[in-house]
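Colleague: What follows is a structure written as structure tokens; I'll ask about it next.
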Amino acid sequence: MSMKRLEMGVKTLEMSAKKLFMAAAIGAVVLATAANAAEIVRHKIPGSDFPIALAVEIPTDAKVVNLSGALPSVKDADAPKGSIEAYGTTEDQTISTLENIKHTLESIGLEMGDVIKMQVFLVGDPKNSGKMDFGGFMNGYRQFFGTEGQPNLPTRSVFQVAGLASSGALVEIEVVAIKKPK
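Using the numbering used here, you'd call the opening residue of the sequence shown number 850 and step up by one each time.
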């Protein structure tokens, strides 16, 4: 084989390697773009119908929105200021707090179905021997999550706390929502 033919063969191999490298690079960009355009994946708790997600996967191109803790609105203005009666039961307060969160989300172009994580702080209710009213909380929660109209479930933790910043409030909720790119 002549030296000239050998040099041409090496150049051909080099060009083929460059083309292969470029094709691989383009393929990686296409795959990364497809991965970034992925949807939110909500993993259910196996064998359970409890209305929370086991885990939530978010796409890399989504924006994470953290909402500060929300409290209930006063339900009975005639009740003593700062009393539980002014805000209502745990169920009433949960509904009111989630309505407040819903309005906040809507004001920034999001909805309850965009919530992926929730932390709930419940004060023990004196009418419940100082224990949190988890059942009352769940009654309110189920009106917003896992419904036919809004089936998306967030991950969630619920804690009993000694008190909240607002006297009489039994419920405070923080949420994390995802804003998907358009």
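Note that the Cβ used here is the ideal one computed from N, Cα and C, for glycine as well.
Since this is a predicted model, take the numbers as computed values, not measurements.
Pick from E955, G979, Y936, F970: whose alpha carbon is nearest that of I1008?
Modeller: As a first step, residue 1008 must be located in the sequence shown, where it is residue number 159. Per the sequence shown, residue 1008 should be read as Phe rather than Ile. Looking at the Cα atoms, F970 is the closest of the given residues.
Colleague: Could you tell me whether the Cβ atoms of K966 and V1025 are closer together than 7 Å?
Modeller: Your numbering for residue 966 matches position 117 in the sequence shown. Your numbering for residue 1025 matches position 176 in the sequence shown. Closer than 7 Å, so yes.
Colleague: Tell me whether the beta-carbon of Q1091 lies closer than 7 Å to the beta-carbon of E1023.
Modeller: Within the shown structure, residues of the chain are numbered from 850 to 1031, placing residue 1091 beyond reach of any answer.
Colleague: Tell whether a beta-carbon distance below 7 Å holds between G1017 and A926.
Modeller: Within the sequence shown, the letter at position 168 stands for residue 1017. Within the sequence shown, the letter at position 77 stands for residue 926. No; because the gap between Cβ atoms is not below 7 Å, this pair is not in contact.
Colleague: On the premise that F899 lies in contact with L947, defined as a C-beta separation below 8 Å, what is that separation, rounded to the nearest angstrom?
Modeller: Position 98 of the sequence shown holds residue 947. Position 50 of the sequence shown holds residue 899. Incorrect: roughly 18 Å between the Cβ atoms, too far for contact.
Colleague: Taking the alpha carbon of K1028 as the reference point, which residue from G995, L959, S1006 has its own alpha carbon closest?
Modeller: The count along the sequence shown starts at 1 and reaches residue 1028 at position 179. Measuring from the Cα of K1028, the nearest candidate turns out to be L959.
Colleague: Output yes or no for whether 7 Å exceeds the beta carbon distance between G989 and E940.
Modeller: As a working note, residue 989 is residue 140 in the sequence shown. As a working note, residue 940 is residue 91 in the sequence shown. Yes, the Cβ-Cβ distance between G989 and E940 is below 7 Å.
Colleague: CB K964 to CB P1000, shorter than 7 Å?
Modeller: To locate residue 964, count along the sequence shown from 1; it is residue 115. To locate residue 1000, count along the sequence shown from 1; it is residue 151. Before going further, note that residue 964 is Val rather than Lys in the sequence given. No, Cβ-Cβ distance for V964 and P1000 is not below 7 Å.
Colleague: Which residues in the same chain as A911 place their Cβ atom closer than 6 Å to its Cβ, once the five residues preceding and following it in sequence are excluded?
Modeller: As a working mapping, residue 911 is identified with position 62 in the sequence shown. Here the set comprises I1027, K1029.
Colleague: Helix or strand or just coil, what does DSSP make of F1008?
Modeller: Taking the first residue of the sequence shown as 1, we reach residue 1008 at position 159. DSSP places F1008 in strand when its eight states are reduced to three.
Colleague: Keeping to the same chain, check which residues put their C-beta closer than 8 Å to that of I894; ignore five residues upstream and five downstream.
Modeller: One-based indexing of the sequence shown puts residue 894 at position 45. Around I894: I901, A902, L903.
Colleague: Does the distance from the CB of P908 to the CB of A887 come in under 7 Å?
Modeller: Position 59 of the sequence shown, counted from the start, is the residue given in the question as residue 908. Position 38 of the sequence shown, counted from the start, is the residue given in the question as residue 887. In contact: P908 and A887 (Cβ atoms closer than 7 Å).
Colleague: To the nearest angstrom, report how far apart M961 and T938 are at their CA atoms.
Modeller: Locating residue 961 in the sequence shown gives position 112, counting from the first residue. Locating residue 938 in the sequence shown gives position 89, counting from the first residue. If I take the Cα positions, the gap works out to 22 Å.
Colleague: From which residue to which residue does the beta strand (DSSP E) around E1021 run?
Modeller: Within the sequence shown, numbered from 1, the residue matching residue 1021 stands at position 172. Residues 1020 to 1028.
Colleague: Kindly give me the distance between the Cβ atoms of T953 and V1020, rounded to whole angstroms, as I take these residues to be in contact under 8 Å.
Modeller: Along the sequence shown, read from residue 1 onward, the residue named residue 953 stands at position 104. Along the sequence shown, read from residue 1 onward, the residue named residue 1020 stands at position 171. Wrong, their Cβ atoms sit about 15 Å apart, outside the cutoff.
Colleague: In the DSSP assignment, find the beta strand (DSSP E) that holds S917 and state where it starts and stops.
Modeller: For the purposes of this step, residue 917 is taken as residue 68 along the sequence shown, with counting starting at 1. Unbroken beta strand (DSSP E) run through S917: 912 to 919.
Colleague: Is Q992 helix, strand or coil when you go by DSSP?
Modeller: Position 143 of the sequence shown holds residue 992. In the structure shown, Q992 sits in coil (DSSP, three-state: anything other than H, G, I, E or B).
Colleague: Mind listing, in chain order, the continuous alpha helix (DSSP H) runs of no fewer than 4 residues lying wholly within the stretch 904 to 985?
Modeller: 933 to 936, 939 to 956, all fully within the stretch 904 to 985.
Colleague: Comparing C-alpha positions only, which one of V972, E997, F986, S978 sits nearest to R1005?
Modeller: Within the sequence shown, the letter at position 156 stands for residue 1005. Comparing Cα-Cα distances from R1005 to each of V972, E997, F986, S978, the minimum goes to F986.
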